[in-house]
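Enquirer: Please read through the structure below; I'll follow up with questions.
There are 2 protein chains.
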Amino acid sequence: MAKPDKSNVLPVKINDDTLRLFIGYHMKRAFNVVQADLTQTLKPFDLRMLTYTALVLIVDNPGLSQSQLAQAMSIERPNLVVIVDELEHRELIVRERVPTDRRAYALKATLAGRRLYEKAVTASIAHENRLFAGIHDATRAMLVETLDKIRNQETT
Amino acid sequence: MAKPDKSNVLPVKINDDTLRLFIGYHMKRAFNVVQADLTQTLKPFDLRMLTYTALVLIVDNPGLSQSQLAQAMSIERPNLVVIVDELEHRELIVRERVPTDRRAYALKATLAGRRLYEKAVTASIAHENRLFAGIHDATRAMLVETLDKIRNQETT
DNA sequence: CGGAATAGTTATGCCTGATAACTATTAAGA
DNA sequence: TCTTAATAGTTATCAGGCATAACTATTCCG
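Same order as they appear, the protein sequences are chains L and V.
Position one of the first sequence corresponds to residue 336 (the working numbering), numbered consecutively onward.
Position one of the second sequence corresponds to residue 336 (the working numbering), numbered consecutively onward.
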């Protein structure tokens, strides 16, 4: 006579059928996995998702201002300050003065910044290839297309 | 002779082609939109995403423990305490003692909790139908299937 | 010129998420 | 049985992400 398994080594399976009705739930769970993996990928470069994103945008858009960068990253200006501070202190970017507008900074990557960019982007692509290895190209394309459609539903 | 538009009313379009290479980037942007909309949807019920998720799981799994709930929500036990506290103070759930294990609580929804659950779930379904109106059923199914596949790539 | 708007900054607070350390209770092994 | 390990829940604490208000310096505009 087997005694009931009270040990919670393998806890009872929880029913999340209601939550599974929601696409947002699936998006959150999936994104958590991607973000956790990306965080690990960026750790050797001492970059977080936000500092990485900012570095990429500065390298690809030399001379952009902090306001433009904040808007591109969909974060508020005050929150960008600390990010730019960190990149500047690490000498990955510089804040150059704009001659025609002494309020604004022109953000530009240094050589070290561009080198870190190359390494981090390469590692990130490898990370995504690994994580999405089981998903066909056509499916990936449809996924991206659908995600962009959702993004553009924005109810601002 | 049109003068160059220096006004940043419509800021220069920033090039994010590199970031667009990453599925995770598209996921984050899309999820931000969904989350913002859901937050607005839940606001009239005084629920946040986490309190809402916890309430749904407790209603659907009466008697589950805080440890099980934390695991189902993929958060640490200490962070769940405040969530359960809030739901309990609002008398949406109760912490019942488990006779066979005096360490654990059996979480159960009250009638008020179940009623709020009904309203919030109904509103959430309407929110998703509105947000995903432009996406065909077949596409939604494929989206969910792909997201679940990504979630299961988890590199724990 | 003078008020409005903009760029950047500082201070501050809320929410999410993680860890360490603790109490109470239960399980497990000598 | 007795000791030790493990578990459930809690507290304290910290870091990160994100938002707003208020401020300075500068530029725009009527």
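Every residue, glycine too, gets a C-beta built ideally from N, C-alpha and C.
A quick note: this is a predicted structure, and the numbers were derived from the prediction, not measured.
Between L/Ala389 and L/Leu404, how many whole angstroms is the CB-CB distance? I'm expecting something under 8 Å.
Expert: That pair is a contact at about 6 Å.
Enquirer: Identify each residue in the stretch 363 to 394 of chain V for which the Cβ-Cβ distance to at least one residue of chain L is less than 9 Å, and report them in chain order.
Expert: Those residues of the stretch 363 to 394 of chain V that come within reach of chain L (Cβ to Cβ, closer than 9 Å) are Lys363, Arg364, Ala365, Phe366, Asn367, Val368, Val369, Gln370, Ala371, Asp372, Leu373, Gln375, Met384, Thr388, Val391, Leu392, Val394.
Enquirer: Grab the span of the alpha helix (DSSP H) containing L/Arg364 for me, first residue to last.
Expert: Taken as a continuous stretch (DSSP letters only), the alpha helix (DSSP H) holding L/Arg364 covers 358 to 377.
Enquirer: Please confirm whether L/Lys484 has its beta-carbon closer than 9 Å to some beta-carbon of chain V.
Expert: L/Lys484 counts as touching chain V.
Enquirer: Between which two residues does the beta strand (DSSP E) carrying L/Ala405 extend?
Expert: Careful: L/Ala405 lies outside any beta strand (DSSP E), inside the alpha helix (DSSP H) at 401 to 408.
Enquirer: Could you check whether the Cβ of V/Asp472 sits closer than 9 Å to any Cβ belonging to chain L?
Expert: So no, V/Asp472 is outside the interface.
Enquirer: In its own chain, which residues sit with a C-beta less than 7 Å from the C-beta of L/Gln488, not counting the 5 before and 5 after it?
Expert: Contacts found: none.
Enquirer: Consult DSSP for V/Glu431 and reduce its assignment to one of helix, strand or coil.
Expert: In the structure shown, V/Glu431 sits in a strand (DSSP, three-state: E or B).
Enquirer: Strictly below 7 Å CB to CB, what residues from chain V border L/Arg430?
Expert: Here the premise fails: no neighbours, minimum Cβ distance about 17 Å.
Enquirer: Against chain L, does V/His424 count as a neighbour if the rule is that its beta carbon must be under 9 Å from one of theirs?
Expert: It does not: the Cβ of V/His424 has no partner Cβ on chain L nearer than 9 Å.
Enquirer: With V/Leu442 as the anchor, note down where its beta strand (DSSP E) starts and where it stops.
Expert: Where V/Leu442 is concerned, the enclosing beta strand (DSSP E) stretches over 436 to 444.
Enquirer: Less than 7 Å between C-beta atoms, sequence neighbours within five positions excluded: which residues of the same chain meet that for L/Asp351?
Expert: Cβ neighbours of L/Asp351 beyond the five flanking positions: none.
Enquirer: Could you pull out every residue in the same chain whose Cβ sits closer than 8 Å to the Cβ of V/Leu392, ignoring the five residues on either side in sequence?
Expert: Answer for V/Leu392: Leu399, Leu404, Ala407, Met408, listed in chain order.
Enquirer: Inspect the CB distances between the stretch 471 to 490 of chain V and the stretch 474 to 484 of chain L and report whether three or more fall short of 8 Å.
Expert: Verdict: yes, contact present.
Enquirer: Going by other Cβ atoms of all chains shown within 10 Å of its Cβ, with 16 needed for buried, is V/Thr435 buried or exposed?
Expert: By the neighbour-count rule (16 or more Cβ atoms within 10 Å), V/Thr435 is not buried but exposed.
Enquirer: Between the stretch 443 to 463 of chain L and the stretch 369 to 387 of chain L, are three or more C-beta pairs nearer than 8 Å?
Expert: At 8 Å Cβ cutoff, the stretches touch.
Enquirer: Would you please state the rounded distance, in angstroms, between the beta carbons of L/Ile485 and V/Val369? I believe it to be under 8 Å.
Expert: That pair is a contact at about 7 Å.
Enquirer: Could you tell me the boundaries of the alpha helix (DSSP H) in which V/Pro493 lies?
Expert: Beyond the ends of chain V as shown, which are 336 and 491, falls residue 493 of chain V; an answer cannot be given.
Enquirer: Which word fits V/Lys363, buried or exposed, when buried means at least 16 other C-beta atoms lie within 10 angstroms of its C-beta?
Expert: Label assigned to V/Lys363: buried.
Enquirer: Give a yes or no on whether the minimum CB-CB distance between L/Leu466 and chain V is below 9 Å.
Expert: By this cut-off, L/Leu466 is an interface position.
Enquirer: Whose Cβ in chain V lies nearer than 7 Å to the Cβ of L/Ala407?
Expert: In chain order: Ile349, Asp351.
Enquirer: Between the alpha carbons of L/Leu446 and V/His424, how many angstroms are there, rounded?
Expert: Approximately 56 Å, taken between the alpha carbons.
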